[in-house]
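See structure below.
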Amino acid sequence: MRGYRDLLVALACVTALGVAGFAWAFSSPIGSSPDDDFHQSSIWCPHPLEESGCRVQYDDEGAIIGAYVPEIVRDASECFAAQPDQSAACVDDLGVTLVPSDRIDQGRYPGGYYEAMNVFVGEDPIRSILVMRLVNVAIAMLLFSAVGAVMPRPGRRMMTLALLGMAVPLTAFLLGSVNPSSWAIVGVVTAWLSGYALATSTTAGRRLVAGTLVLVGAAMAAASRTDAAAYVGVVLLALLVLTWRQLPRRMRLVIIPVLALASAVGVASFLLANQKSALTTGFGEDSGRNPVDVLFYNVTELPDILVGFSGAGVFSGLGWLDTAMPAITHVSVTAVVAGLVAIGVRVMWPEKLLSLAVVVSALVALPLLVLQRSNALVGESVQPRYLLPLMIVALATALAGRPNEESPGLTSTQTIVVYTLLVLANSFGLHANIRRYVTGQDVRAFNLGQGAEWWWSFGPSPMEVWAIGSFAFAVGALLLFRVRESRPPGMR
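Oh and the sequence shown: position 279 is 279 in this note's numbering, straight run, nothing missing.
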């Protein structure tokens, strides 16, 4: 009876978190996530363009340079991006007339994500984009729920704390978008979490499902972004280091082929896509700066990227990096993550330290390498969203418990503090994101409908979306109380 009640509570919380995700998906207009003009056009006409069914654009020499997409798909971002005081009212002036777009994928990205989202393209671009956003939120919730169902009890606390600790604002915003970073986050994190479940499960049924989810996560990451495909190999290597000693010999014969296959999927996607050139040639032209000065500056300013999950930092706003998060949001989230890391690392052993070092090294080395190759400075090329999958895995690794033991937990008081901070961070962050597009961030009024210049022509009002999203997250985050320590540390 208790197990049935626990299941109902978990389902209610997950459903509430899904509703909160839908609110984030509804909180901004078409074109509001980074490079949406490129990603939306690529969804409408996936590579190869000549087989996409779209009218193709050629240059004077007959080479394909783009395709024709609805005007609102191509131009929605242009009228408000990088203008935080400009509302999204300009989007209403855009129509569905087909216009040429050369900001479109021609093999640079893996492409699978664009083909999958193309299924939802309809006659109304606005409704199509919203459907895609809701589908991405639903995929995230379904996969994380599936992982939670097969995760042995000792790992559920770690999973819950890691996912909720970094849920807002950047993760929620990206999951509720059409940016391929949505699948990158879900894919990499699902691969690691389900790999952990595979390594720690004791029943054949759970191992079978967990192994399948590892491959699903790897495939999603490989279909989304080349860097995410490479991350799969990094995080699964770190996972193998973390769990190797606790694995019986016969289990090693099971888990190694699964992790190797998942890593191979990621490596193949990385090698076949053109995005990998960023690691060897960087982005854009050489700025002519002194490389030593560039490295010194980037090492100094790297934390600005690493705290981007909270919406803090000079170059870490939401949207096109132009939507500033209020201090109550980014300070609260940063405090929560810092506190969880401190609690997690109080339990340490050699394999965990080495595993954590693998992930953290990637978090530090990859952005520095790309920036150095580009001779660019922090804020010019690498965005926090590129590193978000690794950040979540790093937090989960820090929270991992010793073999066959639950991860370090929170006392009741600590849980109340973390819960309160996350609920406040979500509510104020969602309010700020809606405000940015309804009127622009130069307006400070609490009532989001006051003086509204833009909103959807259907659905709930701005204040209703904010209230629903805030309440739903508050309900879903009650999961924190389901995984807290029943007794203070040292009293077992």
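Idealized CB from N, CA, C, for every residue including glycine. All figures in this text were calculated on a predicted structure; none of them were measured in a lab.
Spanning the alpha carbons of Thr202 and Arg245 requires a straight line of approximately 15 Å.
Taking C-beta separations shorter than 8 Å and ignoring five residues to either side along the sequence, the partners of Gly95 in its chain run Pro70, Glu71, Ile72, following chain order. Under the DSSP assignment, Val99 falls outside any alpha helix (DSSP H), being part of the beta strand (DSSP E) whose first and last residues are 98 to 101. DSSP links Ala67 through a beta bridge to Val56, Ser101. By the CB criterion at 7 Å, Tyr114 and Pro48 fall outside the cutoff. Take Val465, set aside five residues on each side of it, and the residues of its chain with a beta-carbon closer than 7 Å to its own are Ala23, Phe26, Ser27, Ile434, in chain order. Not a single unbroken stretch of the beta strand (DSSP E) spanning 3 or more residues falls wholly within the segment 174 to 251.
Put simply, of Leu193, Ala204, Asp227 the residue whose alpha carbon is nearest the alpha carbon of Leu215 is Leu193. Straight across, the Cα-Cα distance linking Ala396 with Ala472 is about 24 Å. Residue environment for Pro389: buried (at least 16 other C-beta atoms within 10 angstroms of its C-beta).
Around Leu387, the same chain offers Ile305, Leu306, Gly308, Leu363, Leu366, Pro367 as residues with beta carbons nearer than 8 Å, after the five sequence neighbours per side are excluded.
A direct Cα-to-Cα measurement between Val360 and Ser182 gives close to 21 Å.
The continuous alpha helix (DSSP H) containing His431 extends over residues 412 to 438.
Rounded to the nearest whole angstrom, the C-alpha separation of Asp36 and Asp322 is 14 Å.
C-alpha of Val168 to C-alpha of Ala425: approximately 7 Å in a straight line. Inter-residue distance for Gly266 and Thr329 is about 34 Å (C-alpha atoms, whole angstroms).
Across the set Ser332, Ala10, Ala238, the C-alpha of Ser332 shows the shortest separation from the C-alpha of Gly429. Within its own chain, the residues whose Cβ lies closer than 6 Å to the Cβ of Ser310, once the five positions on either side in sequence are excluded, are His330, Val333, Thr334, listed in chain order.
Boundaries of the alpha helix (DSSP H) around Met132: 125 to 150. Under the three-state reduction of DSSP, Leu318 is assigned to strand.
In the DSSP assignment, Asn375 falls outside any alpha helix (DSSP H), carrying neither H nor E. Cβ neighbours of Pro408 within its own chain (closer than 7 Å, five residues either side excluded): Ile343, Gly344, Arg346, Val347, Leu399, Gly401. The residue from Asn375, Gly165, Pro29, Ile43 with its alpha-carbon nearest to that of Val121 is Ile43.
Approximately 17 Å separates the beta-carbon atoms of Gly476 and Ala149; this is outside 8 Å, ruling out the contact. In terms of Cβ geometry, Lys352 and Leu242 form a close pair [threshold 7 Å]. Going by DSSP, Ser41 is part of the alpha helix (DSSP H) stretching over 36 to 44.
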